[in-house]
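Everything on this sheet refers to the single structure shown next.
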Ligand code: GLU
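Residue numbers (my numbering): 414 to 738.
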């Protein structure tokens with residue numbers, strides 16, 4: 414299987430560590446961006462926190478700054494949830510039920526669901542992710558939760574727990590997501606009780622992770638679905654390809670085009686300030702820095718991903734001019 418995958422490799426360990434350190438030094442002084450405040454608990458984050466970690470597909474970690482600082486996973490859960498659902502019901506059925514096209518609209522858009530006519534969006538925005546949550550195997554909310562929490566923990570290579578303060582804070586203010594779920598229900602695009610599905614989605618967004626965890630989760634997607642440290646095959650290699658394709662299309666919501674133009678890589682952002690970038694065959698990058706731009710993407714995270722994509726030679730579209738002059 415791997416012999417026709419042409420993806421190259423990361424530079425030497427010393428070079429990767431040096432560039433990770435340089436990215437941290439370079440972007441620490443950046444002060445632009447605002448904390449997410451629509452989930453009250455996120456507004457208490459420290460704007461100065463900045464951590465990053467590159468995990469190679471071989472399992473080596475390259476860290477700088479607050480790579481061990483816990484924060485809630487938020488939308489970075491979406492690619493991993495989609496991967497687990499594809500694994501459970503098959504990638505064709507997942508695409509048919511959830512959609513995979515960009516909405517061109519913000520992550521929590523209700524209009525996106527209405528406009529598509531049949532309630533389709535994609536699993537990187539809230540509507541598609543709530544619908545995906547409803548498809549988790551299990552008859553009860555607790556059974557579905559066990560599937561989600563265990564699956565995420567297998568990606569991370571350690572048991573992940575909930576940040577209870579963030580969960581309670583988002584549950585108390587979750588009216589927009591509840592509205593999206595009820596619209597999906599009217600369009601028969603949700604496969605579990607809409608209130609329970611919204612609560613499960615919210616709970617999954619409150620899973621507590623670090624940049625180190627996320628780099629390994631991203632590296633699992635870069636490694637044909639095999640967790641680099643535990644060696645567990647978490648999802649199939651073909652499913653990884655589909656997940657990465659949807660991340661390219663919609664991982665940074667309505668700014669996904671700008672992101673791809675800058676990095677040439679699949680990425681995903683979340684409102685707590687995390688970002689992941691996947692370099693297929695090579696590794697995963699995760700950053701944590703809470704101040705966000707207007708679309709809800711970490712400012713330092715985007716700068717770091719762009720810098721490291723260039724300097725580590727990760728852009729999927731880059732090629733050399735070779736052959737006859
Ligand atoms: N839990 C957040 C929400 O549903 C996630 C959004 C994000 O991280 O972009 O609004």
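Cβ atoms here follow ideal geometry from the backbone N, Cα and C, with glycine treated the same way. These numbers were taken from a predicted model, which means no experiment stands behind them.
Contact check between the stretch 560 to 575 and the stretch 615 to 631: three or more CB pairs, one atom from each, fall below 8 Å, which counts as touching.
The Cβ-Cβ distance between residue 469 and residue 714 does not fall below 9 Å. Among the bridge pairs identified by DSSP, residue 616 is matched with none. The beta carbon of residue 589 sits closer than 7 Å to the beta carbons of 521 from its chain, once the five residues preceding and following it are set aside; these are given in chain order. By the criterion of a C-beta distance shorter than 8 Å, residue 652 is surrounded in its chain by 496, 499, 500, 504, 638, once the five residues flanking it on both sides are discounted. For the options 659, 594, 430, 711, the alpha carbon positioned closest to that of residue 524 is the one of 594. Ligand 1 approaches residue 615 closely enough that one of its heavy atoms is under 8 Å from the residue's Cβ. With a beta-carbon spacing of about 6 Å, residue 704 and residue 448 fall inside the 8 Å limit used to define contacts.
Secondary structure within the stretch 508 to 555: the alpha helix (DSSP H) runs of 4 or more consecutive residues, fully enclosed, are 524 to 528, 539 to 547 (chain order). Not a single heavy atom of ligand 1 lies less than 8 Å from the C-beta of residue 711. Here residue 609 carries a helix assignment [DSSP, helix/strand/coil]. Taking a contact to require three or more Cβ pairs closer than 8 Å, the stretch 579 to 588 and the stretch 650 to 664 do not qualify as touching. Here the C-alpha atom of residue 612 lies approximately 44 Å from the C-alpha atom of residue 425. Under the three-state reduction of DSSP, residue 643 is assigned to coil, being neither helix nor strand. Inclusion of residue 464 and residue 446 in the CB contact set at 9 Å is not warranted, their separation being larger than that value.
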